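In what follows, a single structure is set out as structure tokens and then discussed.
In the working numbering, the protein residues as written are 1404 to 1621.
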């Protein structure tokens, strides 16, 4: 436990040894009804979101990206040091909402999902018209080294972003101070002291696994 976050946390050194070392997997903290996703924002947006437990007046035509993997969020935001990513929010959403996002997602890379489309043109049309996009990118460890495992990020807009903002979000927590606390250990090369949100592989039904290009856990 940490006084800086309500998330379940564990030593990274311990839990990372239990994770798949390669392949495409969704690593996340979740329970029977909710899952945690992360977003990074500039301070003004983050403050409004935490105070009101919702996002203020989003343009649903713009695509926003969510990430269920903490380490991937840290890599992308530079541990909350990049411009307009200085505040990290842990957003608890319903599993129903998350699964709806996955069910409607179109992968940004044809090679990862070519078996689920008749042709590349068919995939390209689906990608252009979809309001949900997914990307599989190389995951990274805490000091930024590229891993063989792939991490997912999901882009949503339109009706899905509206549902995300108005229906699926259960709580919004600013975990920036927790992030800074752990980053200090990383900078000081005390990796055995770094705590991160407890994450395991998120189980997805077989038909959906194939659609989004997930690999099996052996």
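Yeah, the Cβ is synthetic: ideal placement off N, Cα and C, and Gly gets one too. In this text the structure is predicted, and so the values were computed from the model without any measurement.
- Of the other Cβ atoms in all chains shown, fewer than 16 fall within 10 Å of the Cβ of residue 1547; this residue is therefore exposed.
- Residue 1610 counts as exposed, since fewer than 16 other beta carbons sit within 10 angstroms of its beta carbon.
- Taking C-beta atoms under 8 Å as the contact rule, residue 1534 and residue 1563 qualify, at a distance of about 5 Å.
- Its Cα nearest to that of residue 1478, the residue 1550 stands out among 1561, 1618, 1550 and 1596.
- When C-alpha distances from residue 1436 are compared across 1473, 1497, 1468 and 1415, the shortest belongs to 1497.
- Per DSSP, the continuous alpha helix (DSSP H) segment holding residue 1449 begins and ends at 1446-1455.
- The segment 1428-1448 makes contact with the segment 1595-1606, as at least three CB pairs between them are under 8 Å.
- Ranked by Cα distance from residue 1406, the first of 1612, 1584, 1475 and 1613 is 1584.
- Pairwise C-beta distances place the segment 1405-1422 out of contact with the segment 1521-1533, as fewer than three of them are shorter than 8 Å.
- For residue 1435, there is no enclosing beta strand (DSSP E), as DSSP gives it neither H nor E.
- Classified as buried, residue 1480 has 16 or more neighbouring CB atoms from the shown chains inside 10 Å of its CB.
- Within 10 angstroms of the beta-carbon of residue 1590 lie fewer than 16 other beta-carbons, which makes it exposed.
- Membership of residue 1582 in any beta strand (DSSP E) is not indicated; the residue belongs instead to the alpha helix (DSSP H) covering 1579-1590.
- Going by DSSP, residue 1413 is part of the beta strand (DSSP E) stretching over 1412-1414.
- Under DSSP, the beta-bridge partners assigned to residue 1490 are 1444.
- Shown here, residue 1426 sits in a strand according to DSSP, grouped into three states.
- About 17 Å separates the beta carbon of residue 1444 from that of residue 1560, a gap too long to meet the 8 Å contact definition.
- Our two residues, residue 1456 and residue 1471, have alpha carbons roughly 19 Å apart in a direct line.
- In this structure, the CA atom of residue 1526 is about 22 Å from the CA atom of residue 1469.
- The Cβ-Cβ distance between residue 1558 and residue 1466 falls below 9 Å.
- Residue 1608 is not bridged by DSSP to any residue.
- Annotation for residue 1532: the continuous alpha helix (DSSP H) segment containing it runs 1523-1532.
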